[in-house]
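Engineer: The structure follows.
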Amino acid sequence: MQDAIIIGGSNAGLNAALVLDRARRQVLVLDREQPRNAPSPAAHGFLSRDGTPPNEIRRIGREQLRSYESVTFQIGDVATAQPSDTGFEVRLQDGTVYTSRKLLLASGVRDELPAVDGLAERWGKSVFHCPYCHGWEARDQPLAVYWIDPLSVELAIILGGWSDDIILCTNTNELDDTSRDRLNRYNVRIREERIIRLEGTGVTLQRIIFDRGDPLERHGLFVRPPQQHQSDIAQQLGCEMEEMVPGITTIKTGMMGHTSASGVFAAGDASTPMQQAVMAAATGAAAAMGLNHELLQEDFA
Ligand SMILES: Cc1cc2nc3c(=O)[nH]c(=O)nc-3n(C[C@H](O)[C@H](O)[C@H](O)COP(=O)(O)OP(=O)(O)OC[C@H]3O[C@@H](n4cnc5c(N)ncnc54)[C@H](O)[C@@H]3O)c2cc1C
542 MQDAIIIGGS
552 NAGLNAALVL
562 DRARRQVLVL
572 DREQPRNAPS
582 PAAHGFLSRD
592 GTPPNEIRRI
602 GREQLRSYES
612 VTFQIGDVAT
622 AQPSDTGFEV
632 RLQDGTVYTS
642 RKLLLASGVR
652 DELPAVDGLA
662 ERWGKSVFHC
672 PYCHGWEARD
682 QPLAVYWIDP
692 LSVELAIILG
702 GWSDDIILCT
712 NTNELDDTSR
722 DRLNRYNVRI
732 REERIIRLEG
742 TGVTLQRIIF
752 DRGDPLERHG
762 LFVRPPQQHQ
772 SDIAQQLGCE
782 MEEMVPGITT
792 IKTGMMGHTS
802 ASGVFAAGDA
812 STPMQQAVMA
822 AATGAAAAMG
832 LNHELLQEDF
842 A
């Protein structure tokens, strides 16, 4: 039996594994290798790794784990997790079963991209989700924001820190007067026609094509798409969820990653609306410490 099974072996899961490894805990990390930022050529804003390909960050993380003794990393797709008499029973899609005293969910989220021709292949390259991750690469360029919900107005306004040529494309959605006033005050212009497709050479963006009117020359598009959890294990275990930011439902956690389900901890994008790699790693570390403290209390009870 493992002290802990970590579901998800990316930024949150690997950092949690590192902390637990150094705390001399027996840990199994199960990962199906579909991290959220895989389409991006480089991760930014991560101390000492700025500009490094996301896969390389994970490779280094896994390599450093190998120099300790008690963590096993295994590729596998977790289908179910259930409480048992001694802790938890985790079953992979192929039927393999593992047991542990505690569980740490670091399974991340997935973006539901708008169905616009030419968008998916540019995701992470010239269509971005976050100015703090990719605003620098798009600085001083003509940029657009794709309307998803009222927070798209705030995204367009924030982008003004990186470029003074921002257009919010409402894709025929109605803007209220308050939003129009705010956009006007921050020099954000508006296009209201339906977006038909994105065009450009390779994965670059050169223009947005509408159902009527002139094409719009743009070199970057920002969109904050709806998201889903990559795994339903938190729901299977009855973990309470919360919506701290509209449109982002996360596993409710305490400061050290405790969820509402006994013995279950969570970290990373699945547990916070502050969704960046460095935040995922940090919450992974916090959850690992919370989990280790709980094990210690039980060891000496
Ligand atoms: C295009 C794009 C670019 C980005 N660029 C940046 C950037 O430059 N800088 C930055 O800080 N952030 C960036 N982000 C955000 C960043 O990707 C996330 O904040 C970060 O990856 C979260 O880490 P995580 O470990 O919580 O989840 P993830 O990295 O998504 O990892 C979750 C892992 O869990 C695994 N998993 C899920 N369910 C199961 C299951 N049932 N069984 C087994 N394994 C499972 C997945 O396969 C995956 O490997 C970007 C996001 C996107 C979409």
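Going by the numbering used here, the sequence shown opens with residue 542, and the numbers climb by one from there.
By construction, the Cβ of each residue, glycine as well, lies at the ideal position given by its N, Cα and C atoms.
Give the list of continuous alpha helix (DSSP H) stretches no shorter than 4 residues that lie fully inside the segment 719-802.
Structural biologist: Those alpha helix (DSSP H) runs which fall completely within the segment 719-802 and span 4+ residues are 774-777.
Engineer: Distance check for Ile601 and Arg735, CA to CA, integer angstroms please.
Structural biologist: Whole-angstrom Cα-Cα distance: 44 Å.
Engineer: With H, G and I counted as helix, E and B as strand and the rest as coil, what does DSSP make of Asp618?
Structural biologist: Three-state DSSP puts Asp618 in coil, outside helix and strand.
Engineer: Is the beta carbon of Arg663 within less than 8 Å of some heavy atom of ligand 1?
Structural biologist: Checking every heavy atom of ligand 1 against the Cβ of Arg663, none is found closer than 8 Å.
Engineer: Please tell me whether Gly809 and Met796 are closer than 9 Å, where the distance is taken between their beta carbons.
Structural biologist: Result no, Cβ atoms of Gly809 and Met796 do not sit closer than 9 Å.
Engineer: Take Tyr687 as the anchor and find which of Glu678, Asp681, Gly702, Leu716 has the nearest alpha-carbon.
Structural biologist: Checked all of Glu678, Asp681, Gly702, Leu716; the closest Cα to Tyr687 is Leu716.
Engineer: Tell me which same chain residues have a C-beta within less than 7 Å of the C-beta of Thr508, skipping the five on either side of it?
Structural biologist: Coverage of the chain is limited to positions 542 through 842, which leaves residue 508 absent and any answer about it impossible.
Engineer: In this structure, how does DSSP classify Cys671 when only helix, strand and coil are distinguished?
Structural biologist: Looking at Cys671 - three-state DSSP - the assignment turns out to be coil, as it is neither helix nor strand.
Engineer: Distance, Cα to Cα, Pro766 vs Thr593?
Structural biologist: Near 24 Å, if we compare the C-alpha coordinates of Thr593 and Pro766.
Engineer: Please identify the residue among Val612, Glu758, Cys710 whose C-alpha is closest to the C-alpha of Met542.
Structural biologist: Per the Cα distances, Val612.
Engineer: Can you give the beta carbon distance from Gly549 to Gly649, rounded, assuming they're within the 8 Å contact cut?
Structural biologist: The Cβ separation is near 6 Å, so the contact holds.
Engineer: For the structure I just gave you, are there three or more beta carbon pairs, one from the segment 666-674 and one from the segment 755-764, closer than 8 Å?
Structural biologist: Yes: the two stretches touch, three or more of their Cβ pairs being nearer than 8 Å.
Engineer: Does the distance between the C-beta of Ala583 and the nearest non-hydrogen atom of ligand 2 fall short of 8 Å?
Structural biologist: This structure lacks ligand 2; its bound ligands are ligand 1.
Engineer: Taking contact to mean at least 3 C-beta pairs separated by less than 8 Å, is the segment 699-718 in contact with the segment 611-625?
Structural biologist: No: the two stretches stay apart, fewer than three of their Cβ pairs being nearer than 8 Å.
Engineer: For the beta strand (DSSP E) holding Ala807, just list the boundary residues, first then last.
Structural biologist: 805-807 is the extent of the beta strand (DSSP E) around Ala807.
Engineer: Below 8 Å, is the gap between the Cβ of Glu574 and the nearest heavy atom of ligand 1?
Structural biologist: Yes, ligand 1 has a heavy atom inside 8 Å of this Cβ.
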